[in-house]
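For the sequence shown, position 74 matches number 74 in our numbering, and the numbering has no gaps at all.
All C-beta atoms, glycine included, are put in the ideal place defined by N, C-alpha and C.
Structure, as structure tokens:
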Amino acid sequence: MCVVTCIGTQQVAAAQQYSVTLRGYPALQQWVKKHTWAMHSPPADHDVVITSGSNHTIEARRAMIMSLLMDKGDTILCEEFTYPHMIESLVMPKGYNVKGIATDRDGIIPEALQHSF
């Protein structure tokens, strides 16, 4: 069993929050990095990001990337049927446009993608 030690009620409360930092709870992040190094011996230094589930992961990473690369009014191309949280919570409130691209069982249809341009 692996244990991350928290001393005091403030640390316990901080560890249970969804957005302590963009990288996750620092004590847990440090432990996971050391554990990964000890168990898997990665060939190079590595970084660890801990999130509180899929929505937090999307928001923390994609929103940051979108804000760096996009301007209000820019258009995001995505599969016609995509994860609604992405569009409703991250794309539309920031003023980005969304264009769905038709798909089939193999993914995005190339002709539909070409037509979208």
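- Query: Straight-line CA distance for GLN141 to ILE108?
  - Reply: Look at the range of the chain in this structure, 1 to 117, and you will see that residue 141 is not part of it.
- Beta-carbon separation of LYS99 and LEU77 under 7 Å? yes
- Query: Can you check whether the CB of GLN29 is closer than 7 Å to the CB of VAL48?
  - Reply: yes
- Query: The beta strand (DSSP E) with THR82 in it runs from where to where?
  - Reply: From DSSP, THR82 is part of no beta strand (DSSP E); its letter is neither H nor E.
- Message: Taking the straight line between their C-alpha atoms, what separation do you get for SER116 and ILE101?
- Response: 7 Å
- Task: Measure how close the beta-carbons of ASP74 and ASN97 come, nearest whole angstrom, since I'm counting them as under 8 Å.
- Result: 7 Å
- Residue(s) in a DSSP beta bridge with VAL98: ILE76
- For the putative contact between THR51 and PRO42, defined by C-beta atoms under 8 Å, what is the C-beta separation to the nearest angstrom? Incorrect: roughly 20 Å between the Cβ atoms, too far for contact.
- Message: So for THR103, helix, strand or coil by DSSP?
- Response: strand
- Between LYS94 and MET64, which are expected to be in contact by the criterion C-beta below 8 Å, what is the C-beta distance as a whole number of angstroms? So it is not a contact: roughly 12 Å between Cβ atoms.
- Taking GLU80 as the reference, which of VAL91, ALA112, LYS33, THR9 has the closest Cα? ALA112
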